[in-house]
Amino acid sequence: MNEIPKSHPRYKSLSERKLIEDGFEKGIIAKAGLIAHGRGETFYYLLGEKTNKETKKQINAAAAMLLLAKKPVLSVNGNTTALCAKEISVLSDSVPAEIEVNLFYKTPKRIKLIEKEFSKHGKKILGTKPTKKIHGLKSKRKDIDEKGQWEADVVLVMLEDGDRTEYLKKMGKKIIAIDLNPLSRTAQKADITITDNVTQCIPLLTEKIIKLRKKSTKELEEIIKNFKNKKILKKTEEQIRKGKMR
Ligand code: ATP
0 MNEIPKSHPR YKSLSERKLI EDGFEKGIIA KAGLIAHGRG ETFYYLLGEK
50 TNKETKKQIN AAAAMLLLAK KPVLSVNGNT TALCAKEISV LSDSVPAEIE
100 VNLFYKTPKR IKLIEKEFSK HGKKILGTKP TKKIHGLKSK RKDIDEKGQW
150 EADVVLVMLE DGDRTEYLKK MGKKIIAIDL NPLSRTAQKA DITITDNVTQ
200 CIPLLTEKII KLRKKSTKEL EEIIKNFKNK KILKKTEEQI RKGKMR
């Protein structure tokens, strides 16, 4: 990453682009992952490349939901692995929650590479030999681990397509989504959507979980009760449209 000076105003975005390029070259990221990243970068730019006030409310609610969950699972793909496997591993310890790989363009090689990345952070992930299916879903993302998403009551999905969120919800799961696009089907269908860059909000989510651990079940339930996902998404969309974030 020597070629990008830290003083560059878009240093963070440019260094992430490098992580994505490296992930693609290693085979962790599929071609479609490059396109998804580009879509994310656009929204990140429009959102001012920072975590705003509304996002902090989303993170607060997500932390409460993860702490209240009986069986929370963090679902990862190629992009999230290349961008922030370490931060996801730390988040999983803080909850604690299982990590499960789930790929649209699934190959044994990609699964192995992703498993290897997480093992560097001491994490054994689920989803490498899935035996269960998400009812109704057609894509390869339907394959899930019996000990993971199948049993989960709360699933955190990141950079996701809307279909899986919809079908997981039909199975009775609560969904927390991280998606920079407030208009995406995933963002709209999730119970709690964090409209922020994964690399930026995951460490903030971990911090929040550590802070909220002291709260009672009743206090955590109150946070969720007062959280209105659709209202915050609408506000975020309006702020983007008015060019308020930059
Ligand atoms: P949907 O089916 O939900 O309408 P989609 O077809 O755009 O969405 P994908 O192709 O899986 O689904 O897109 C991935 C989503 O992830 C996009 O909405 C994109 O803005 C978002 N995204 C990309 N990079 C990041 C990132 N680093 N952090 C958070 N979100 C991201």
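To convert, note that position 211 of the sequence shown is 210 in numbering that gives the first Met the number 0; the numbers rise steadily by one, no gaps.
Don't be surprised by glycine CBs; every beta carbon is placed ideally from N, CA and C.
These numbers come from a predicted model, not from an experiment.
Residue i Cβ short of 7 Å to the ligand ATP heavy atom set
i	result
residue 84	no
residue 183	yes
residue 165	no
residue 61	no
residue 101	no
residue 197	yes
residue 97	no
residue 3	no
residue 38	yes
residue 81	no
residue 42	yes
residue 35	yes
residue 228	no
residue 114	no
residue 51	no
residue 178	yes
residue 160	yes
residue 78	yes
Strand pairing of residue i, partner residues [DSSP]
i	result
residue 192	176
residue 97	72
residue 223	According to DSSP, which records beta bridges pairwise, residue 223 is partnered with nothing at all.
Buried versus exposed, by CB contacts within 10 Å (16 or more), residue i
i	result
residue 135	exposed
residue 325	Nothing about residue 325 can be read from this structure; the chain reaches only from 0 to 245.
residue 228	buried
residue 17	exposed
residue 209	exposed
residue 109	buried
residue 10	exposed
residue 128	exposed
residue 243	exposed
residue 7	exposed
residue 86	buried
residue 80	buried
residue 30	exposed
residue 215	exposed
residue 0	Reliability of the predicted coordinates at residue 0 is poor, the pLDDT of 48 falling under 50, and the value obtained from them is presented with this limitation in mind. By the neighbour-count rule (16 or more Cβ atoms within 10 Å), residue 0 is not buried but exposed.
residue 56	buried
Within the chosen definition, does the region 68-76 reach the region 179-189 through at least 3 CB pairs nearer than 8 Å? no
The region 197-206 in contact with the region 215-235 per 3-pair CB rule at 8 Å: no
Contact between the region 96-111 and the region 141-155 (3+ Cβ pairs under 8 Å): yes
Touch check for the region 165-182 and the region 32-43: three-plus C-beta pairs under 8 Å? They touch, by the three-pair rule.
Any beta strand (DSSP E) of 3 or more consecutive residues that is wholly inside the region 113-178: 153-157 and 173-177
Alpha helix (DSSP H) segments (min. 4 residues) lying fully within the region 10-83: 10-25, 30-45 and 52-67
Would you check if there are 3 or more beta carbon pairs closer than 8 Å linking the region 153-170 to the region 187-196? These segments touch.
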